[in-house]
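As they're listed, the protein sequences go chains A and B.
Sequential numbering of the first sequence, starting at 18, is according to my numbering.
Sequential numbering of the second sequence, starting at 778, is according to my numbering.
Notes for the one structure printed next.
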Amino acid sequence: MIAELGHFTLILALSVALIQAFFPLLGAQKGNNVWISLAPPAAIFQFLLVSISFACLTQLYITSDFSVVNVAKNSNTAIPMIYKVSGVWGNHEGSLLLWVLILSIFGSAVAYFGNNLPPDFRARVLSVQSMIAIGFYTFILFTSNPFERIIPPPINGRDLNPLLQDPGLAFHPPMLYLGYVGFSMAFSFAIAALIEGRVDAAWARWVRPWTLAAWLFLTGGIALGSWWAYYELGWGGWWYWDPVENASFMPWLAGTALLHSATVVEKRDSLKGWTVLLAIITFSLSLLGTFLVRSGVLTSVHTFATDPTRGVFILGLLIFVIGGSLVLFAWRGPKLINTGFFQPISREGALLFNNLGMITATAAVLLGTLYPLFLDATGGGKISVGPPFFNAVFIPIMVPITIAMAVGPFLNWKRADLIPAFSRLKFALTLALIMTALTWVWQKNGPMAATLGMGLAVWLGIGTLSELATKLHLFRSPIGAWYRIKRLPRHKWGMSLGHLGFAIAIAGMAGAGGWTKESIQVMQPGETVTVAGYDFRFIGANHIRGPNYTSVAGKFIITQEEKLITTLVAEKRTYLVTDTLTTEAAIHTMLSGDLYAVIGDSEGKTGAFVTRLYFNPLVVWMWIGTLVMVFGALISLTDQRYRIGAPKRGRKVTVITAQ
Amino acid sequence: MPDRLIYYIPLALFCVLSIYLGIGLTLDPKALPSMLDGKPVPAFKLPPVKNRDNRGFSNTDLIGTVSLVNIFGSWCAACRIEHPFLMELATEKKIIIHGIDWREENPNAGGNWLKRYGDPYSLVGDDPYSKAAIAFGVTGAPETFLVDKKGIVRYKHTGPLNRKIWTNLLSPMIEKLQIRKGS
């Protein structure tokens, strides 16, 4: 009954979406106010219907109703409640339902909070949103119905993939989807603007908070995924350039570019066509990402081929959404006339430089991810592109961007001079060189990239702080600076924190990528192995029993120069229903690095085990850096500009040149 | 107007992309992508591993005999698991095994590792900067390529080799390759 209710409300949501896609758009074209005013209530109604549908599926999971195929395949009575709930989106069908739920949340948010938008513009935005939703509803209803029944129902379910039974991964997909789907807002705004043939500062102000929110969630989601890979896969690595990771990284890169170019539209009435294109690209990559992850166009190609209808449907949807919007862009794009002009050396120039770098990086990642497919399609055989390619291509692109990131905020709008900017960066440059030299002396055998990374981190970090200090006149009048701290607009804080967080994360990545120390061996109980100056003493392993798994837990006592640091318990779990193994690395986090222990197979009968012990320097700085970035985005989101006094459309916005 | 044409570039690029995606859908995907399958080994010339020998390893060394090229590294845990089996293969003298020591950060690490755990390889090249590894399309270590007498890659195995894979898969393939005279 509940399954049927969920199914039925989803069909209803589709019909509401059809109405919402058609009438408001037509109304906006024809000037029919009744049809225009249909959009907001329709969006809210859609949200209610999808929520009911989602609640139904959740209820089915909570009560372990195995008469529903989806629940039977992805749940079990023995798993803890939290994973019963996260199992809802831990599979293809359920994750698509989560996708449309989030889409409807964003849609109803525009309907509810968007009173400062001109009604016809809002109607167009909601109509475009609804078109996307229609694509997903039909995809779910025709090819991936989560409410399908099975007769006779199995006695117990097949269990959720043990790798997903983890707090980090339980919340990773919703975060990621909030990011992906959040970019649909920028997309809908861009399409609506193309239909109207007008993009102005007010448009950029509406788009920015949505983009920022999406970016914030995507950043968090990617970090959560990376963190999960770090502690769950048990290899001490945190980024594998795996197609699934790339799928979430590409919209992040393009979205970062979008955030920066939207500023230029807002402040300088320039780069309009480019910004609209970026909005389209970012969401297109999000769509691609959704499908790469869930349907595995690339990763696990065989699961995809088993159901060709899904593949054809997905391709059709991509062609309709992306191709359609690009046709619209080709047709209407030339109408967007830029009025602001700028010299290459200027704030706009720096932001454009960022954009070009980010888009080149996106293209490189896209090429690397899809290259195996290209080659296969042209009969070139099957290959896979690994981390060496990505590192060789991606890092050189990011270096100039990072260097420019410290310089850009010092430049004036329109036209600027590099010499004063660099003179303010002397301090940062000096410290960066000192850092590089010290690191080089300290880690002579380490990779050069990591040494340079540390220098870059200092350059960007100190450069960002110098810019903040200059803005606050911290050294000229320290007392006045206190008042200026409060008056500095929040989006400026957001920028500074964003860049600072990035600098901190670079340091973490350099440390963790460059100087990891590891040791793999067979250890007898009582044996001690030294890694990077830390003595790991293996106490022994015993068997423990979890709710739906058994586990071998190896205990280590870690000391440094006879001083106790910590005890670590590393587990190797066997999940009983699916008979799969997972590693649960034991990690002790310190600012200088992580102590990381993994237990492998037992050797012989003496209680000896294969162990992998790591010292991963500076890893925690990656997570701290990400948190700072996310926090910066949050601060920027609360900027007053986006809440009150949002300007009416078409009002001439006076441009204030900084400094 | 040529200016307007710029706005068609994204559309044109997407058209190309979707054609490929479309072709991709019709292809029968193999479970394991075996990259250079049936293609000659890419040209490479690697220096020797420190403290082992002074010979080095290059693609021309692969002509004349059927051999295995094994990608390994002292940092790679799965290689350590695979290693005893490679040692067994080497003592049984069933096939020549060459090694590519991949991504060593410490130049001494590879040589020390081979001293500690045994050295099953005929020739070993040092590849700290992934020069050969990128050409081979290596995704991770260990990876093993079966190369025929003409220096053509016949099979790629991802992950540690073991007795089962050897008896069921590699050994029959190798026998066939060795019988084919001159090829």
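Beta carbons: idealized from backbone N, C-alpha and C, even for Gly.
By how many angstroms is the C-alpha of Leu505(A) removed from the C-alpha of Gln657(A)? 12 Å
Just to confirm the assignment, what range does the beta strand (DSSP E) spanning Ile951(B) have? No beta strand (DSSP E) holds Ile951(B); the alpha helix (DSSP H) holding it covers 948–956.
Please report how far the alpha carbon of Leu644(A) lies from the alpha carbon of His516(A), in whole angstroms. 12 Å
Please name the residue in Ile783(B), Pro884(B), Glu920(B) whose C-alpha comes closest to that of Val846(B). Glu920(B)
Please confirm whether Asn883(B) has its beta-carbon closer than 7 Å to some beta-carbon of chain A. yes
Give a yes or no on whether the minimum CB-CB distance between Ile942(B) and chain C is below 7 Å. Annotation note: the requested chain C is absent from the structure, which comprises protein chains A and B.
Return the chain-ordered list of same chain residues with a C-beta closer than 6 Å to the C-beta of Arg139(A), the five sequence neighbours on each side being excluded. Gly131
On the DSSP bridge list, what partners appear for Ala587(A)? Gly571(A)
Excluding five sequence neighbours on each side, which residues of the same chain lie with their C-beta closer than 7 Å to the C-beta of His319(A)? With a pLDDT of 34 at His319(A), under the threshold of 50, the modelled position of that residue is not reliable, and the figure given next carries that caveat. Nothing listed; no residue qualifies.
Element boundaries [alpha helix (DSSP H), containing Asp137(A)]: 136–160
Would you call the CB atoms of Gly928(B) and Ile840(B) closer than 7 Å? yes
From Ala381(A), Glu165(A), Gly531(A), pick the residue whose C-alpha is nearest to that of Val86(A); which is it? Glu165(A)
Hey, does Gly915(B) have any beta-carbon neighbour from chain A nearer than 7 Å? Contrary to the premise, residue 915(B) reads as Val rather than Gly in this sequence. With 7 Å as the cut-off, Val915(B) counts as an interface residue toward chain A.
Count the other CB atoms within 10 Å of the CB of Ser205(A); is the residue buried (16 or more) or exposed (fewer)? buried
Against Pro268(A), what residues of chain B qualify as contacts under a CB-to-CB distance less than 7 Å, listed in chain order? Those do not exist, as Pro268(A) stays about 16 Å from chain B at its closest Cβ, beyond 7 Å.
Helix, strand or coil, according to DSSP, for Gln182(A) in the structure here? coil
Identify the continuous beta strand (DSSP E) that holds Glu859(B) and give its terminal residues. Where Glu859(B) is concerned, there is no enclosing beta strand (DSSP E), although the alpha helix (DSSP H) it sits in stretches over 854–869.
To the nearest angstrom, how far is the alpha carbon of Ile414(A) from that of Val636(A)? 23 Å
Which chain B residues sit within Cβ distance under 8 Å of Leu612(A)? Those do not exist, as Leu612(A) stays about 17 Å from chain B at its closest Cβ, beyond 8 Å.
Length of the line joining the Cα atoms of Trp457(A) and Thr447(A): 15 Å
Drop a sphere of 10 angstroms on the beta-carbon of Val915(B), count the other beta-carbons inside from all chains shown, and report buried for 16 or more, exposed for fewer. buried
Classification of Asn883(B) by the beta-carbon crowding that lies within 10 angstroms, buried from 16 upward: exposed
C-alpha distance - Thr468(A) paired with Val416(A), whole-angstrom precision: 13 Å
For Ile641(A), collect the residues of the same chain with a Cβ closer than 6 Å to its Cβ; drop the 5 residues on either side in sequence, then sort them by chain order. Ile521
Kindly indicate which residue of Ala150(A), Val105(A), Gln46(A), Pro97(A) has the alpha-carbon position closest to the one of Leu27(A). Ala150(A)
Determine the closest residue to Tyr784(B) out of Trp232(A), Val344(A), Ala56(A), Asn429(A), with distance taken between C-alpha atoms. Val344(A)
Pro787(B) at chain A interface by Cβ criterion, 7 Å: yes
Given Ile951(B) as reference, the closest of Thr842(B), Ile796(B), Asn836(B), Ser835(B) once Cα atoms are compared: Thr842(B)
Counting C-beta neighbours from all protein chains within 10 Å, is the total for Ile297(A) 16 or more, i.e. buried, or is it exposed? buried
Below-7 Å beta-carbon distance, Leu891(B) vs any chain A residue: no
Show which residues of chain B have a CB atom less than 8 Å away from the CB atom of Val344(A). Leu788
Within the 7 Å Cβ cut-off, does Leu305(A) reach chain B? no
In three-state DSSP terms, what is Glu620(A)? strand
On the DSSP letters alone, give me the boundaries of the beta strand (DSSP E) that Leu608(A) sits inside. No beta strand (DSSP E) contains Leu608(A), which DSSP labels as neither H nor E.
Quick check on this structure: which residue in Leu654(A), Gly649(A), Leu612(A), Ser653(A) has the alpha carbon closest to the alpha carbon of Gly251(A)? Leu612(A)
Would you say the stretch 862–873 of chain B touches the stretch 819–834 of chain B, given that touching needs at least three Cβ pairs under 8 Å? no
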